[in-house]
Each structure stands twice: as structure tokens, then as C-alpha cells.
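Position 43 (the sequence shown) corresponds to 984 in our numbering; numbering is contiguous.
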Amino acid sequence: MTDDLGHMSDRDVRAALADVPADRTYLLPALWTLVERFGWISPAMMATLSSVMRIPVAEIYGVASFYALIPVSPRGAVQAHICTDILCQLQNGERLWQETSAEWAPQKVTVTAAHCLGRCEHAPAAMVGSAIVVNATPDTLRAQIREALDE
Ligand code: FES
């Protein structure tokens, strides 16, 4: 159940974390579990995680906000990360990011410029949800986004 701000209840967050050991070495798996389950990590969710793992909220925020793949603000139903690092930039990655950003409403698809996705040999690379798109073009990226949206 969510509150008016879209935050998940303390009970829902604790239930999602049930299979993650309450140990600070599991902070990243815990954050990723919450992202997969809820799409982003709100301040209230960080407070619950802080209580469960006994890690200060500031430290959790610091770790979460460091990683582009861990959103700390509300996102659209689908997240698309388009690499704009140097090799992808040389293959029009930045233009692909700009055009894709302009094409989709942010409430529906959140398009983010990303650092290297480790697929440099197939630049430009992108990630839609957890699916990697290599040699991305506007058409292949659009098709992957539509598939993720179940359109
Ligand atoms: S520079 Fe884009 S995937 Fe490595």
C-alpha cells in the first residue's frame, strides 16, 4: 500500500527485504531488491532500510545516489538508460538519448544518460529495464521500450 506521496508502507518494504540478510555488506543487494520491487527508493523506504540494516540513512542515500541505476526519485513505468560515454557518443549515443528523451513522456518512460554499460564494442548501447540493447537505433530502442511497456 502506498501513501499520498507514492511511498511504500514500512510493512511492504520489510516484506520485500525478508530474503536479504540484515548486514551492511548486503546494502547494494537490498537497494537493488527495493528497486526491482518498487521502481525507486523513497526517503521513507530508506528510513525503513536504515532500521532493518542498522545503517544511517545518510549512508544509504550516499550509496543509492551514487549509482545511476538506483533511482531516488519517482520514475516512469519503464526506465531506459542510454550510454553517452565516449565510445557510444562517437556512435551518436548522445543524439539517441536526446531524441528518445523527447519522444517519451517522463511519467511513462524515464530516459537517463548513462555511463559505460560495458558494451562498448556494440556502441551505442542502452538498457531498457534489465534488457541490454546493443547497436541501438531509434527504431530498436523504441521497439524495446514498447515491449517493456507491453504495448
Ligand atoms: S562507452 Fe557506451 S557501453 Fe561503453
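Every residue, glycine too, gets a C-beta built ideally from N, C-alpha and C.
No experiment lies behind these values; they were computed from the predicted model shown.
In this structure, DSSP gives residue 1043 a helical state, which the three-state scheme calls helix. Here the alpha carbon of residue 1021 sits roughly 30 Å from the alpha carbon of residue 963. With respect to the 7 Å criterion, residue 1005 and residue 958 are not classified as neighbours on the basis of their beta carbons.
In the DSSP assignment, residue 1078 is bridged to no other residue. Proximity annotation: ligand 1 has residues 1024, 1026, 1027, 1028, 1029, 1034, 1057, 1058, 1059, 1060, 1061, 1064, 1065, 1066 in chain order, each selected because its CB is closer than 7 Å to a heavy atom of the ligand. Within the stretch 955-984, the alpha helix (DSSP H) runs of at least 4 residues that lie entirely inside it are, in chain order, 968-979.
With distances taken between CA atoms, residue 1079 lies nearest to 1035 out of 1035, 1016, 1061, 995. DSSP places residue 1061 in the helix class (H, G or I) of the three-state scheme.
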